[in-house]
Every structure is written in C-alpha cells, then in structure tokens.
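Student:
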Amino acid sequence: MSPLAAPLSASAFSGSVQYRDYASRYLANGVSSTPRASQLPVPLVIASARDAIVTDVDGNDYIDYTLGYGPLVLGHSPAPVVERLKEEIDKGFRTASVHAGEGRLAELISEAVPCAEITSFLSSGTEAVQLALRIARAATGRTRIVKFRANYHGWFDNIHVANNPGNDGPSSSGQDQQATANVTLVDWGDAAALEQVLSDEFAAVILEATAINAGCFTPPAGFLQSVRDLTCKHGVVLIFDEVISGFRLGLGGAQASYGVTPDIAVLGKALGAGLPISAVTGNRAVMAPLIDGRVLHRGTFNGNPLSVGAAIACVEYLQAHHAEIYPRMDAQAEAIQSHFTTEVKALDLDLCANRIGSAIQLFAGVRKLDNIGDLGKADKKEILKLTEACVLNGLNPLPRGLMYLSAAHTDADIAITKEALSRALCRFKSLK
Numbered sequence: 007m008s009p010l011a012a013p014l015s016a017s018a019f020s021g022s023v024q025y026r027d028y029a030s031r032y033l034a035n036g037v038s039s040t041p042r043a044s045q046l047p048v049p050l051v052i053a054s055a056r057d058a059i060v061t062d063v064d065g066n067d068y069i070d071y072t073l074g075y076g077p078l079v080l081g082h083s084p085a086p087v088v089e090r091l092k093e094e095i096d097k098g099f100r101t102a103s104v105h106a107g108e109g110r111l112a113e114l115i116s117e118a119v120p121c122a123e124i125t126s127f128l129s130s131g132t133e134a135v136q137l138a139l140r141i142a143r144a145a146t147g148r149t150r151i152v153k154f155r156a157n158y159h160g161w162f163d164n165i166h167v168a169n170n171p172g173n174d175g176p177s178s179s180g181q182d183q184q185a186t187a188n189v190t191l192v193d194w195g196d197a198a199a200l201e202q203v204l205s206d207e208f209a210a211v212i213l214e215a216t217a218i219n220a221g222c223f224t225p226p227a228g229f230l231q232s233v234r235d236l237t238c239k240h241g242v243v244l245i246f247d248e249v250i251s252g253f254r255l256g257l258g259g260a261q262a263s264y265g266v267t268p269d270i271a272v273l274g275k276a277l278g279a280g281l282p283i284s285a286v287t288g289n290r291a292v293m294a295p296l297i298d299g300r301v302l303h304r305g306t307f308n309g310n311p312l313s314v315g316a317a318i319a320c321v322e323y324l325q326a327h328h329a330e331i332y333p334r335m336d337a338q339a340e341a342i343q344s345h346f347t348t349e350v351k352a353l354d355l356d357l358c359a360n361r362i363g364s365a366i367q368l369f370a371g372v373r374k375l376d377n378i379g380d381l382g383k384a385d386k387k388e389i390l391k392l393t394e395a396c397v398l399n400g401l402n403p404l405p406r407g408l409m410y411l412s413a414a415h416t417d418a419d420i421a422i423t424k425e426a427l428s429r430a431l432c433r434f435k436s437l438k
C-alpha cells in the first residue's frame, strides 16, 4: 500500500454513507454490534481485506488496526487458515456430532496455556465467561463473585456492571437490576481492597490479568500474585479473562507473561483467527463439575468444524513461528507508540498512548494515563475526532482509539502508518 497523497474528502465515503442510509431502514443503526456505529466520518463498509489492508466499498484502502476488534492476530485471510477452512467445507461443515478437530484443538491449548488441562468450547467470550462462573459456583458450592471495575467480561446482565468510570451500576438500559446481587466490585490493581472483601463465601474472582480492553494498563507489580495468594487462602476459584490477551500477548497469554496461573482461563478472539470460537480451560480439579455432568453446557455451534479448524491452523502456525511473530509485533507496536508520543509532544497536544505487547490505546484529553482509576479523565469525544483524522489519512483504528497489530503488518506498513499519524495529528490540532 502506498501512502495517501492527500487526506480523503467527505465525498470519498459516499458508498458507505449510502449503505448506512439503506441498512438503517432494516438493521438497528445499520450495524450488528453497537460500538461499530460510532466510527467517524461514517462506519466504513468494508468490501475486501487481505493481510493488513482493508478496502471499503468506495475503493479506499486502509492499513487496518481494528483487526476484527482483535481476533486477526495473523492478519486478514491468512493462507494456513484459508486452506484449512476449504478442507473443512469440502468435508461438510456442520453435523452437530463429535469430530476429531475438537480433541486436537484442546490438546494444542493444553500445550500452550499454563492452566489448561481440560477445555470446553463455545462461540463467544460472553458465553465462555458465563460457563466459567457456573463451573466456579458448582466447584465451590458458593454464589458470590468478585469483579474488578473497568474490566469487561461480556454483556450479560449478571456481569455487565462497572465498565465505565464513575458508574458501578448496570452498563445498559434494560438490564435486570437484581442480576448482580452476588457481585462485589473492587478497583483493579488494588490487592489490599480485595483482601478486605474476600472471604470463604465467594465462589470466584474474575479479572483481566492485563487490562487491554480498558486502555492497555499493565498490572501493578505483585498484584496478580497477591490475587492468586488470596484466592488460594479462601478456596476461591481464580478466573483470568484472556479473551483478548490469549494468543495475542504470546502463546501462553497473560498468565505465561506474568508467571501467575489461574484455575480457569477464558479464551477467544485470537484463538479463532477471525472465526467465532471461545474456550473455557482450567485445571482438572476445578473443571470436575463439567466433566462429571453436574454443570450443564449446551450450544448448537459449540466446537463447530469451521471455527475449530481455523483455530487449529492458527495455533499450529503460532506454535511454529512464535519466536518470530510476537517480538516483531511488539516491536512494531512500540515503534508506532514512540512515533505518536514524539509527534504529540512536538505539537503540544493533550494526547497519550499506552501499550501492552501488540496493542496500543490512544487517549485524548490527557498527557499521561497510567492509572486505570483515572479513565474518567480521558475525553471520549475528542478521541473520536482523532480516530476520524486517522481514517481520513488511510488508517483504521477502533473508533475509541485502540489499535491492534498482526503478523501480517509489514515494516512498510509501519512506515506509512507513521506518516499517516503525523498528518492525522496535524489535522487534529487544526480543529482545536
């Protein structure tokens, strides 16, 4: 991809605008997931995607940093995954019966993820969180759960709380106000606060070991080990939500990176390389209620051959090339973050960028944001203006400023990205 000669104009998005107007007559807000509607200047309608490039219906190319909201760790349409999918389609891709791929994928997960001894497959991260919580309650005979503020564990009523700064209640209109009666909230990163509330009455503590979704926050030194020690002390099941970090931070996810092993991990996104699949995996003792049938687990599309096949191809490829892929993605992300920080300082802008591995979070309204408790200081409206400036200059980050790297991003892509970011920042400054 060549750098844009000039920023895109409003007329360059006419096809996406026409689609939005048409689809909105039949499809709620013209999208199938609420956050997609927030993209400016208009939610892009993507016609094709290959490697790290997406092309919209107007023929505009973008270096993609949305990557399907994180799953595409190998980039768009990676050859190993595409070939495996063709094989699965030719064999017949839906029988609702057991197939050999399920066992193989579970084995691969056990080889990669420290806590993984027994695994069960589902279709989404939200579902997998619910199964993990159910297993924890069955294993302990208890009902109460600890959730950390600003950690996202799916959109079901019993866990969809305290996702936004200053709001400890439900995150959506229409949620059952009583569904979270057994949920206790604690500030993420505060082990002392957890120690104060945790007791033998709790079934589980669930958290994002590294808070990528909230804004790429690294856990404070010793925090994860303290959580592990406290849960062991009280016989509480420790659940790491690794839907984002699993197979993105490395083969073993956050638990391998930080050297703290939970009882259960929830996986998704990068596991399937873009196809819908999630997994609950954990040690055999805690997973016993699922093994012996006390915990009910159903799903028409659980472990379907297409998703499992894609996941096998993805994990096998990552296994074979992890020593090259992960350091390279991390270095590319660091280069982007460093360039962004240098340009922001030169332009004297109230912006900053956090990074964990191959994920970057851009913030507006602040010049530094190291504490997850300070998320409320970031300006959500201004970040939409910045990401719009990125789109106009040929980059496609998430509207809220999160950017993911993939194995498909080339050094040339990174060089073009730096140029585009410089132009986007100049445009952003001109709007002040």
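Letter by letter, the sequence shown follows residues 7 to 438 in the working numbering. Quick reminder that beta carbons are idealized off the backbone N, C-alpha and C, glycines included. Bear in mind that the values here come from a model prediction, so they are computed numbers and not experimental data.
Ordered along the chain, which non-local residues of its own chain (more than five positions away) have a Cβ less than 6 Å from that of Ala144?
Tutor: Excluding positions up to five away in sequence, the list reads Pro295, Arg300, Val301.
Student: Counting beta carbon pairs with one atom in the stretch 276–294 and one in the stretch 312–329, are three or more of them shorter than 8 Å?
Tutor: Judged by Cβ distances under 8 Å, the stretch 312–329 makes contact with the stretch 276–294, as three or more pairs qualify.
Student: Just to check my reading of the structure: Leu114 and Ser126 have Cβ atoms closer than 8 Å, yes? What is that Cβ distance to the nearest angstrom?
Tutor: Contact doesn't hold; Cβ gap of about 15 Å is too wide.
Student: How would you write the range of the beta strand (DSSP E) that Gln367 sits in, first residue to last?
Tutor: From DSSP, the beta strand (DSSP E) with Gln367 extends over 365–370.
Student: For His82, name the three-state secondary structure that DSSP assigns.
Tutor: His82: strand per DSSP, three-state reduction.
Student: Flag this pair as yes or no: are the beta carbons of Arg373 and Cys396 separated by less than 8 Å?
Tutor: No; because the gap between Cβ atoms is not below 8 Å, this pair is not in contact.
Student: In terms of residue numbering, what span does the beta strand (DSSP E) encompassing Ile250 cover?
Tutor: First-last for Ile250: undefined, no H or E at that position.
Student: Who are Asp67's beta bridge partners in DSSP?
Tutor: Thr61.
Student: Residues in the same chain with beta-carbon distance under 7 Å from Ser30, minus the five sequence neighbours each way, listed in chain order, please.
Tutor: Within the same chain, Ser30 has close Cβ partners Gly36.
Student: Could you tell me whether the stretch 354–371 touches the stretch 403–417, where touching means 3 or more Cβ pairs closer than 8 Å?
Tutor: Contact between the stretch 354–371 and the stretch 403–417 is present, because at least three Cβ pairs lie under 8 Å.
Student: Can we say the stretch 302–317 touches the stretch 157–168, given the rule of at least three CB pairs closer than 8 Å?
Tutor: Counting Cβ pairs under 8 Å, fewer than three are found: no touch.
Student: Nearest by alpha-carbon distance to Pro282: which of Ile422, Ser313, Pro41 is it?
Tutor: Of Ile422, Ser313, Pro41, the residue nearest in Cα terms is Ser313.
Student: I'd like the span of the beta strand (DSSP E) that includes Tyr410, first residue to last.
Tutor: Residues 408–410.
Student: If you count every other CB in all the chains shown that lies within 10 Å of the CB of Ser39, and 16 or more means buried, which is it?
Tutor: When all chains shown are included, Ser39 counts as exposed.
Student: Cutting at 7 Å between CB atoms, please list the residues of its own chain near Arg234, excluding the five before and the five after it.
Tutor: The residues are Leu244, Val266.
Student: Should Asp62 be labelled buried (16 or more other beta-carbon atoms within 10 Å of its own) or exposed?
Tutor: Buried, since its Cβ has 16 or more Cβ neighbours within 10 Å.
Student: Between Asn157 and Ala217, is the Cβ-Cβ spacing less than 8 Å?
Tutor: Yes, Cβ-Cβ distance for Asn157 and Ala217 is below 8 Å.
Student: Go through its chain and collect everything with a Cβ distance to Gly256's Cβ below 8 Å, but skip five positions before and after it.
Tutor: Hits under 8 Å: Ala262, Ser263, His328, Tyr332, Gly363.
Student: Identify whether Leu46 lies in helix, strand or coil by the three-state DSSP scheme.
Tutor: Coil, per DSSP.
Student: If you draw a straight line from the alpha carbon of Thr423 to that of Tyr71, how long is it in whole angstroms?
Tutor: Those two C-alpha atoms are separated by around 10 Å.
Student: Taking the runs of the alpha helix (DSSP H) that are 4 residues or longer, which of them lie wholly in the stretch 235–297?
Tutor: Runs found: 259–264, 294–297.
Student: Name the DSSP beta bridge partners of Phe154, please?
Tutor: Answer is Val192.
Student: Can you find at least 3 beta carbon pairs, one from the stretch 223–242 and one from the stretch 191–206, that sit closer than 8 Å?
Tutor: The stretch 223–242, when compared against the stretch 191–206, does touch it at the 8 Å Cβ threshold.
Student: Answer with buried or exposed for Tyr68, where buried requires no fewer than 16 other C-beta atoms within 10 angstroms of its C-beta.
Tutor: Counting Cβ neighbours within 10 Å, Tyr68 comes out buried, since at least 16 surround it.
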